[in-house]
Amino acid sequence: MKIVVFIKQVPDTTDVKIDPETNTLKRGDSPAIINPFDLYALEEGIRLKEKFGGEVIAITMGPPQAKEAIKEAVAMGVDDGILISDRAFAGADTLATSYTLSQAVKKIENVDLIICGKQASDGDTAQTGPGIAEWLKLPQATFVKKIDDIKEGHIYLESMWDEGTEKLKLPLPALITVVKEINEPRIPGLRGKMKAKKFEVKLWDNKFLSLPEEKIGLNGSPTQVRKIFSPPQKEPGRQLTVTENVSEIAEEVVNTFQKMGLV
Amino acid sequence: MGLNIDREKCTLCGDCISACPFAALEIIDGKLIVNNACTVCGICVDVCQEGALSIERTEAKVTRDNSEYKGVAIFAEQEKGNIHSVAYELLGIGRKLADKLNVELTAYLLGNDIKDINSLFHYGADRIVFAKDERLDHFNIDRYTEVITKIINKEKPEIFLGGATFIGRSLLSRIAVKLKTGLTADCTGLDVDDKRNLIQTRPAFGGNIMAEILTPNHRPQMATVRHKVMKPMRPDESRKGRIIEFGIESNLLTPVEFIDFIIDTSQKVNLAEADIIVSGGRGLGGPEHFDIIEELASLLNGAVGASRAAVDAGWIPYSHQVGQTGRTVSPKMYMAIGISGAIQHLVGMQSSDFIVAINKDPEAPIFKVADLGIVGDLFDVVPALIKEIKKRKGL
Ligand SMILES: Cc1cc2nc3c(=O)[nH]c(=O)nc-3n(C[C@H](O)[C@H](O)[C@H](O)COP(=O)(O)OP(=O)(O)OC[C@H]3O[C@@H](n4cnc5c(N)ncnc54)[C@H](O)[C@@H]3O)c2cc1C
Ligand SMILES: Nc1ncnc2c1ncn2[C@@H]1O[C@H](COP(=O)(O)O)[C@@H](O)[C@H]1O
Chain A
14 MKIVVFIKQV
24 PDTTDVKIDP
34 ETNTLKRGDS
44 PAIINPFDLY
54 ALEEGIRLKE
64 KFGGEVIAIT
74 MGPPQAKEAI
84 KEAVAMGVDD
94 GILISDRAFA
104 GADTLATSYT
114 LSQAVKKIEN
124 VDLIICGKQA
134 SDGDTAQTGP
144 GIAEWLKLPQ
154 ATFVKKIDDI
164 KEGHIYLESM
174 WDEGTEKLKL
184 PLPALITVVK
194 EINEPRIPGL
204 RGKMKAKKFE
214 VKLWDNKFLS
224 LPEEKIGLNG
234 SPTQVRKIFS
244 PPQKEPGRQL
254 TVTENVSEIA
264 EEVVNTFQKM
274 GLV
Chain B
734 MGLNIDREKC
744 TLCGDCISAC
754 PFAALEIIDG
764 KLIVNNACTV
774 CGICVDVCQE
784 GALSIERTEA
794 KVTRDNSEYK
804 GVAIFAEQEK
814 GNIHSVAYEL
824 LGIGRKLADK
834 LNVELTAYLL
844 GNDIKDINSL
854 FHYGADRIVF
864 AKDERLDHFN
874 IDRYTEVITK
884 IINKEKPEIF
894 LGGATFIGRS
904 LLSRIAVKLK
914 TGLTADCTGL
924 DVDDKRNLIQ
934 TRPAFGGNIM
944 AEILTPNHRP
954 QMATVRHKVM
964 KPMRPDESRK
974 GRIIEFGIES
984 NLLTPVEFID
994 FIIDTSQKVN
1004 LAEADIIVSG
1014 GRGLGGPEHF
1024 DIIEELASLL
1034 NGAVGASRAA
1044 VDAGWIPYSH
1054 QVGQTGRTVS
1064 PKMYMAIGIS
1074 GAIQHLVGMQ
1084 SSDFIVAINK
1094 DPEAPIFKVA
1104 DLGIVGDLFD
1114 VVPALIKEIK
1124 KRKGL
């Protein structure tokens, strides 16, 4: 089995805050991380390789520093890693991103399975995976929570719907996106970390991929960010402070409920 | 094209570096450099006091004649003939957009035996394009993508909206790529400007910031909306419309083989549909204390929700989680008990009509969104509320 796992480097969302004084965004100093959902994708890829043999390749598209994400993936246990990086790819929305990533897959021969995270924590779109599948005309299953089996060129899996679980059988090659219910990602051990340290991340720029300008980066992106702003702050509501008067407060609260027709 | 830096004006103050959410700016060898993490969002341009930053945009070539694209369309999701309530919410916002643009609102419906098809008219649709086929009864990605793409190519709507549900997210992503158009996920606000552009507002970075997104040159302009974010209009039973049957001439081939669908029955009350939700967080201190949350919820005929901290601690199943990585809810009343109000929790519940917070920390961020905040120990307040409600109910 040859498995490609797509991972994205994202800022730690818990570390992005709005400065209430100036109303501007403040990014803390904590380093970028692998998109939390992609750790499940990596883990599943590595587990499948351990079970069925073959190789796992991690691919990310991002700025030069995103090679750290690939190194972390190597520390976890992937066999190879590629960073797609070029100024020409900057400003890509999900259409341009999924196009670029799909063309990278074409450079790798005989891929059996592509695994993406459910969504990236910076954009939260969950669009890239299905987008790649469409560019490559591959069968897809999204929000996969369990892989039951892989046999005779087919993958048997379970998708997590809002209302339940769907069991599907897809022919390979296929693309899946995974949710966090699927596994428990491993923590890289010492040996993995050593391997990652020495690992040379392959760099694919657009000289190598030679994709048409009008399909990549900002030019290939139909959506444009026009403005970014902080979420509107709500007017403060009524506040009651409990001292010894808890039963009075309860009375007042339940009065409010009753006025609203809730009790 | 992209971000330009005027190095004469740049004083290397670093304001833009800390303002950039994408870490796309750095100072290397005494020079400000923009790397390819840049999304050209323009935050840095706004914070630069020196006016050293500017954005240059080459207008993308309009390769298609957009004037043929007219009308607003929504995807009316159904499963086994039951129309998903997100369809009514989409009709609610779709109606507003269609009225502003002075065009018709159409619902695209794929399925077989649909219960109460006229409800789509009652909630705002002028037309229904109905692809009726047994093989469309249950969602299949390839069939749905094929049929909707064909409908769009024939109908040419300028705007096409879907729910950010399991089906909607997977489906619209593929359709957008097939049509080579833009798609904006999880919009919390939709409006149109005087150039008929759809103004799509959505949270980014887990709700820390909001982004306004346009799809100026491509049609249809596509967006998904989370369930419970938009309000449906009050149904009007006298509203009527036209049903246009969409003939299926293809074999609807799909490589994906359906094996089984198992409905999740573990949830007693459907969180997404509940009018009242009582949620507990880490402040409860342990799984055994969820019983007071449950008691209060059942007295109010509400559902039980939870913060991720409570779910991660294993106190309550994931299906109860509210927030960015859980459910989005928008009930008439949301009670947050022992929940601090982290941004990832707030994005999942702040559109509730009335928010009550109980927390012993007066500084807890949940009070910023609460309509009624009670500063106090939940182990005093919740039992007192239970007692009071029981008293009034004569229990
Ligand atoms: C990528 C990502 C996604 C996330 N998604 C979600 C999500 O979907 N949903 C979600 O909820 N979180 C989510 N989180 C986690 C979120 O950041 C917070 O960690 C979480 O919401 C905190 O839960 P909490 O408020 O219950 O716990 P805490 O933050 O620990 O708050 C507990 C509160 O209880 C109060 N308290 C304690 N004892 C009492 C008492 N006796 N009486 C009254 N008050 C008391 C405390 O004052 C405190 O304010 C996400 C985080 C990340 C990074
Ligand atoms: N720049 C990228 N490089 C590699 N993989 C990506 C990139 N962007 C998105 N992905 C993959 O697509 C998934 C969904 O991302 P998104 O559509 O941005 O929510 C992620 O979990 C990754 O697996």
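So the sequence lines, in the order shown, correspond to chains A and B. Sequence positions in the first sequence follow this note's numbering and run 14 to 276. Sequence positions in the second sequence follow this note's numbering and run 734 to 1128. Each residue gets a CB set at the ideal place from its N, CA and C atoms; glycine is no exception. Note that this is a predicted model, so its numbers are computed, not measured.
Which chain A residues sit within Cβ distance under 9 Å of residue i?
i	result
M943/B	K240, I241, F242, S243, P244 and P245
Determine the contact status of residue i and residue j, defining contact as a CB-CB distance below 9 Å.
i	j	result
N873/B	F979/B	no
A840/B	A864/B	no
G763/B	L745/B	yes
S115/A	L170/A	no
A139/A	T155/A	yes
G1071/B	R1015/B	yes
P696/B	S1085/B	Any question about residue 696/B goes unanswered here, given that chain B covers just 734 to 1128.
G915/B	L224/A	no
C771/B	A757/B	yes
I59/A	G90/A	yes
I97/A	T113/A	yes
R929/B	I946/B	no
I83/A	F19/A	no
I1122/B	L1032/B	yes
A697/B	P1020/B	For residue 697/B there is no data in the structure shown, the boundaries of chain B being 734 and 1128.
R1125/B	V267/A	yes
M966/B	F270/A	no
G1013/B	I262/A	no
Residue i touches chain A at which residues, Cβ-Cβ below 7 Å?
i	result
S1031/B	Here the premise fails: no neighbours, minimum Cβ distance about 13 Å.
M1082/B	Neighbours of M1082/B on chain A: none; closest Cβ ~12 Å, over 7 Å.
G915/B	D106, L108, P235 and T236
D798/B	What D798/B touches in chain A: nothing, since even the nearest Cβ is about 16 Å away.
A770/B	G75 and P76
F1087/B	M273
K911/B	E147
I1009/B	L275
Please classify residue i: is it buried, with 16 or more other beta-carbons within 10 angstroms of its beta-carbon, or exposed?
i	result
S971/B	exposed
T254/A	exposed
G1128/B	The sequence as given places Leu at residue 1128/B; Gly does not occur at that position. Classification of L1128/B: exposed, given that the 10 Å Cβ count is below 16.
N769/B	buried
Q933/B	buried
T998/B	exposed
T77/A	The question names Thr, but residue 77/A is Pro in the sequence shown. Label assigned to P77/A: exposed.
S260/A	exposed
G230/A	buried
F854/B	buried
P1095/B	exposed
T256/A	exposed
N941/B	buried
N815/B	exposed
E8/A	The requested residue 8/A is not part of the displayed model; chain A covers only 14 to 276.
M273/A	exposed
K131/A	buried
D99/A	buried
Starting from residue i, find everything on chain A with Cβ-Cβ shorter than 8 Å and list it in chain order.
i	result
C774/B	V238 and I241
D919/B	D137 and T138
E1121/B	S260, A263, E264, V266 and V267
Counting only Cβ pairs nearer than 9 Å, list the residues of chain B close to residue i.
i	result
D135/A	P754, F755, A937, F938 and G939
F19/A	Ordered by position in chain B, no residue passes the 9 Å Cβ test against F19/A, which lies about 14 Å from the chain.
T155/A	I874, F899, R902, S903 and S906
Could you list which residues in chain B have their beta carbon closer than 7 Å to that of residue i, in chain order?
i	result
P182/A	Correcting the residue type first, residue 182/A is Lys in the shown sequence and not Pro. What K182/A touches in chain B: E990 and I992.
A45/A	A756
P143/A	S903, S906 and R907
List the residues of chain B whose Cβ lies closer than 8 Å to the Cβ of residue i, in chain order.
i	result
F102/A	N769
Selection of the region 255–268 of chain A by Cβ proximity to chain B, strictly under 8 Å: V255, V259, S260, I262, A263, E264, V266 and V267
Contacting positions in the region 195–227 of chain A - beta carbon closer than 7 Å to chain B: none
Members of the region 1097–1119 of chain B near chain A, C-beta cut-off 8 Å: F1100, K1101, V1102, A1103, D1104, L1105, G1106, I1107, V1108, G1109, D1110, D1113, V1114, A1117 and L1118
Contact list for the region 869–903 of chain B against chain A, Cβ threshold 7 Å: I874, T898, F899, R902 and S903
Contact set between the region 159–180 of chain A and chain B, restricted to residues whose Cβ is under 7 Å from the partner: W174, D175, E176, G177, T178, E179 and K180
Contact set between the region 947–961 of chain B and chain A, restricted to residues whose Cβ is under 7 Å from the partner: L947, T948, P949, N950 and H951
Residues, ordered as in the chain, of the region 1021–1045 of chain B that lie near chain A by beta-carbon distance below 7 Å: L1033
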